[in-house]
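Numbering (this note's numbering), first residue to last: 30 to 470.
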C-alpha cells in the first residue's frame, strides 16, 4: 500500500468534490437573479442523490466484472460496497479511495447537464431524472470508458477502455460528451425559455461566474492529475498540460470575441477556462505541453463560435453546456488522434507524430460518437417519459415570476433588507428634522 499515492487520490477526490459547488456558483451567476437558487440547487441535489446511488449500486455497475460484452458491470458484485472495506496489503491503493474518487466524477457529470435547462425545470422532476439518468446512462458509460481488463485477476472491463482501447484519460467521453449530449436532448424535451433571444437572459452576477470558473480550474487538477491514480510523473505532466491548455483556451476565446464583437468579456474569459479544461481532459496524458496549448487554442476559438449556434439552430441551451462541454469534449477526444505525442505518458502517436493509417484517430472517433449517440437517445426517452408523467417544465407565469419563489419559496437576494442598518427605524419626524438641519447647515 503506497501511502503517498493514497494521500494524493484522497486529496484529488476532495478537489473534484469542490468542483460541484464551483459549478453551482458558475451556473448560478450566469442565470437571472430570480433563478439563481434553483440553478444551484440542481447541483446540490446531484451531490446528495448520486452519492447515495453510487454506494448502493452505481460503483458495481461501473466497476464490477463485466457481464454484458463490455457494456455493463455486475450490478450486485459490490452492492452497497460489500467487501471493499477490507484492507488488501497487495493493492497499491485502498479500494475505498478509488470508490470515493470515482464517486465525485459521477456527481459532477450529472450536475453538468442542469445548465442547459435553467429557469424552467421542476426541481422534483430534475431529481427523478438525475437518478434515472445516472443509473442507465452514466454508470454503464463509466464502465465502457474507465473499467480496464486485468487478465491476471480475471477481470473484464469496458469495450472502449479494453476493447477498441481508445484514450480517454479523465473523462472526455464519459463526462463531457456524455453530459453535453444529454443536455442537448433535454433542450428538445423542455423547449425554449420565454423570450429566448440573444441578450434576453443576461447573467446576473459575473463576479460569481468568475469565482466559479476559478474553483473549477483549481478542482480540475484533482480531476485530471488524480486520474493517474498515483503521485508520479504522469500526474506531473498532466498538471502542466491542464494549466497551459486552459491558459491558451482563454486567449483563444478572448481573441475570438475581440474580432467578432469588438471587445473581450469576463464571461468569455470564464467560459474559455471551462472550454480549455474540457478539451484537455481526455488528452492530458497523451499530448506534449505545446500540443496541449494547440488543443486549448482550438477549443477556445471553436467553443466561442459554437455557443452561438443555439440561436441559429433554435435550441435553448441556457448556459452553453452543448457549446462548451459537448463540442469541447469532441475536440479533445478526437484530436488525440492527431496531436498525441509518443513521448507523453500515454505513449501513443497521432497523425502528426507518425501515427500512420489514422488508426488512433478512428478509435477516438468511434468512442466519442458512440457515447454521444447512446446518451442523446437514452436521455430523450427518459426526458419525454418524465414529461408525460410528472411534467418537466414549470408554468409560464411561474417562469415570469421567478422559479426560485415557485419551486423553493426563497429568493437569492433579500433586497428589502438593504439600507436598514441595525434594523431600528427612526420616526419620520426625526428623519425630516435631521435632513432639514443638514440642509440649513
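Cβ coordinates follow ideal geometry from the N, Cα and C atoms, glycine included.
1. What is the C-beta distance between residue 275 and residue 246, in whole angstroms, given that I count them as a contact (C-beta under 8 Å)?
2. Quick one: give me the first and last residue of the alpha helix (DSSP H) that residue 191 is part of.
3. Does the beta-carbon distance from residue 60 to residue 148 come in below 8 Å?
4. Measure the CB-CB distance between residue 166 and residue 407 and report whether it falls below 8 Å.
5. Can you name the start and end residues of the alpha helix (DSSP H) that residue 313 belongs to?
6. Grab the span of the alpha helix (DSSP H) containing residue 224 for me, first residue to last.
7. Hey, residue 52 and residue 72 are a contact pair by Cβ (cut 8 Å); roughly how many whole angstroms apart?
8. From which residue to which residue does the alpha helix (DSSP H) around residue 351 run?
9. How many Å lie between residue 266 and residue 374 at the Cα?
10. Output needed for residue 212: all residues of its chain with C-beta closer than 6 Å, excluding positions within five of it in sequence on either side, in chain order.
11. Can you check DSSP and say which residues form a bridge with residue 184?
12. Pop quiz: residue 357 and residue 233 are said to be a contact at Cβ under 8 Å. What is the actual Cβ separation, rounded to whole angstroms?
13. Secondary structure at residue 102, three-state DSSP: helix, strand or coil?
14. Could you tell me the alpha carbon to alpha carbon distance between residue 425 and residue 122, rounded to whole angstroms?
15. What does a CB cutoff of less than 8 Å around residue 287 pick up in its chain, not counting 5 residues either side in sequence?
16. Using the three-state DSSP reduction, which class does residue 449 fall into: helix, strand or coil?
17. Here's a check: name, in chain order, each residue in its chain whose Cβ is nearer than 6 Å to the Cβ of residue 313, leaving out the five neighbours to either side.
18. Taking buried to mean at least 16 other C-beta atoms within 10 Å of its own C-beta, is residue 236 buried or exposed?
19. Would you decide whether residue 222 is buried or exposed? Buried here means 16 or more other CB atoms lie within 10 Å of its CB.
20. Since residue 140 and residue 405 are thought to touch, with beta carbons under 8 Å apart, how far apart are those beta carbons, to the nearest angstrom?
21. Between which residues of its own chain and residue 225 is the CB-CB distance below 7 Å, once the five residues before and five after are set aside?
22. Please name the residue, chosen from 240, 159 and 196, that lies closest to residue 359 on a Cα-to-Cα basis.
23. Let me know if residue 55 comes out buried or exposed under the rule of 16 or more other beta-carbons within 10 Å of its beta-carbon.
24. I'd like to know whether the C-beta atoms of residue 114 and residue 83 end up nearer to each other than 8 Å.
25. Could you check if residue 355 is buried or exposed, using at least 16 other CB atoms within 10 Å of its CB as the buried criterion?
26. Assuming contact is defined by CB atoms lying nearer than 8 Å, are residue 299 and residue 239 in contact in what I supplied?
27. What residue from 220, 216, 136 and 295 has the CA that sits closest to residue 242's CA?
28. Which of the three DSSP states, helix, strand or coil, is assigned to residue 426?
29. Whole angstroms are fine: how far does the CA of residue 172 sit from the CA of residue 517?
30. Comparing the CB of residue 204 with every heavy atom of the ligand GDP, is any distance shorter than 7 Å?
31. Beta carbon of residue 163, beta carbon of residue 203: below 8 Å?
32. For residue 248, collect the residues of the same chain with a Cβ closer than 7 Å to its Cβ; drop the 5 residues on either side in sequence, then sort them by chain order.
33. Only counting the same chain, and skipping five residues up and downstream in sequence, which positions put a Cβ closer than 8 Å to that of residue 262?
34. Rounded C-beta distance between residue 310 and residue 187? I'm assuming under 8 Å.
35. In three-state DSSP terms, what is residue 341?
36. Output needed for residue 439: all residues of its chain with C-beta closer than 8 Å, excluding positions within five of it in sequence on either side, in chain order.
Well, looking at it:
1. Here residue 275 refers to the residue found at position 246 when the chain shown is read from its first residue. Here residue 246 refers to the residue found at position 217 when the chain shown is read from its first residue. The C-beta separation of residue 275 from residue 246 comes to about 6 Å, placing the pair in contact by the 8 Å criterion.
2. Within the chain shown, numbered from 1, the residue matching residue 191 stands at position 162. First-last for residue 191: undefined, no H or E at that position.
3. Translated into positions along the chain shown, residue 60 becomes position 31. Translated into positions along the chain shown, residue 148 becomes position 119. Yes, they are a contact pair.
4. On the chain shown, residue 166 is found 137 positions in, with the first residue counted as 1. On the chain shown, residue 407 is found 378 positions in, with the first residue counted as 1. A distance below 8 Å separates the beta carbons of residue 166 and residue 407.
5. The residue you call residue 313 lines up with position 284 of the chain shown. Premise fails: residue 313 is in no alpha helix (DSSP H) and is neither H nor E.
6. Reading the chain shown from its first residue, position 195 is the one you call residue 224. It is not in any alpha helix (DSSP H) - residue 224 carries neither H nor E in the DSSP assignment.
7. As a first step, residue 52 is located in the chain shown; it is residue number 23 there, counting from the start. As a first step, residue 72 is located in the chain shown; it is residue number 43 there, counting from the start. Their Cβ separation, rounded to whole angstroms, is 5 Å, which keeps residue 52 and residue 72 in contact under 8 Å.
8. Along the chain shown, one-based indexing puts residue 351 at 322. Note, residue 351: premise wrong, no alpha helix (DSSP H); not H, not E.
9. In the chain shown, counting from the first residue as 1, residue 266 sits at position 237. In the chain shown, counting from the first residue as 1, residue 374 sits at position 345. The alpha-carbon of residue 266 is positioned some 8 Å away from that of residue 374.
10. Within the chain shown, residue 212 is the residue found at index 183, counting from 1. Taken in chain order, the residues that qualify are 142, 145, 350 and 351.
11. One-based indexing of the chain shown puts residue 184 at position 155. Residue 184 has 179 as its beta-bridge partners, per DSSP.
12. The residue given as residue 357 occupies position 328 in the chain shown. The residue given as residue 233 occupies position 204 in the chain shown. 25 Å between Cβ atoms; not a contact.
13. Start at 1 with the first residue of the chain shown, and residue 102 comes out as number 73. In this structure, residue 102 counts as strand in the three-state DSSP scheme.
14. As a working note, residue 425 is residue 396 in the chain shown. As a working note, residue 122 is residue 93 in the chain shown. Take the alpha-carbon of residue 425 and the one of residue 122: they are about 52 Å apart.
15. Within the chain shown, residue 287 is the residue found at index 258, counting from 1. Contacts found: 293.
16. On the chain shown, residue 449 is found 420 positions in, with the first residue counted as 1. In this prediction, residue 449 has a pLDDT of 49, which is less than 50 and means its spatial position is unreliable; what the coordinates show is noted afterwards. DSSP, read as helix, strand or coil, puts residue 449 in coil.
17. Residue numbering aside, residue 313 sits at position 284 when the chain shown is read from its first letter. Counting only residues of its own chain and dropping the five nearest sequence neighbours on each side, residue 313 has a CB closer than 6 Å to the CB of 198, 253, 267, 270 and 271.
18. By one-based count along the chain shown, residue 236 stands at place 207. The residue is exposed, with fewer than 16 neighbouring Cβ atoms inside 10 Å.
19. On the chain shown, position 193 is the one that residue 222 refers to. The residue is buried, with at least 16 neighbouring Cβ atoms inside 10 Å.
20. Reading the chain shown from its first residue, position 111 is the one you call residue 140. Reading the chain shown from its first residue, position 376 is the one you call residue 405. About 19 Å; that fails the 8 Å criterion.
21. The sequence position of residue 225 within the chain shown is 196, counting from 1. Hits under 7 Å: 345.
22. In the chain shown, residue 359 corresponds to position 330, counting from 1. For residue 359, the closest of 240, 159 and 196 by C-alpha to C-alpha distance is 196.
23. The residue you call residue 55 lines up with position 26 of the chain shown. By the Cβ-count criterion, residue 55 is buried, with 16 or more other Cβ atoms from all chains shown falling within 10 Å of its own Cβ.
24. As a first step, residue 114 is located in the chain shown; it is residue number 85 there, counting from the start. As a first step, residue 83 is located in the chain shown; it is residue number 54 there, counting from the start. No, these two residues do not count as a Cβ contact at 8 Å.
25. Against the chain shown, residue 355 aligns to sequence position 326. Under the 10 Å beta carbon count, residue 355 is surrounded by 16 or more other beta carbons and is classified as buried.
26. Taking the first residue of the chain shown as 1, we reach residue 299 at position 270. Taking the first residue of the chain shown as 1, we reach residue 239 at position 210. Pairing residue 299 with residue 239 gives a Cβ-Cβ distance under 8 Å.
27. Against the chain shown, residue 242 aligns to sequence position 213. Closest option to residue 242, Cα to Cα, is 295.
28. In the chain shown, residue 426 corresponds to position 397, counting from 1. The answer is helix: DSSP assigns residue 426 an H, G or I state.
29. No answer is possible for residue 517: the residues shown for the chain start at 30 and end at 470.
30. Ligands in the displayed structure: none, and consequently the ligand GDP is not present.
31. Start at 1 with the first residue of the chain shown, and residue 163 comes out as number 134. Start at 1 with the first residue of the chain shown, and residue 203 comes out as number 174. For residue 163 and residue 203, no; Cβs fall outside 8 Å.
32. Working through the chain shown from its first residue, we reach residue 248 at position 219. Result list for residue 248: 44, 45, 47, 48 and 51, in chain order.
33. Looking up residue 262 in the chain shown gives position 233. Counting only Cβ-Cβ distances below 8 Å, and skipping sequence neighbours, we find 374.
34. Counting from 1 along the chain shown, the entry for residue 310 is found at position 281. Counting from 1 along the chain shown, the entry for residue 187 is found at position 158. With 8 Å as the limit, residue 310 and residue 187 do not qualify as a contact, their Cβ atoms being about 18 Å apart.
35. Here residue 341 refers to the residue found at position 312 when the chain shown is read from its first residue. Residue 341 falls in the helix class under three-state DSSP.
36. Locating residue 439 in the chain shown gives position 410, counting from the first residue. Excluding positions up to five away in sequence, the list reads 66 and 433.
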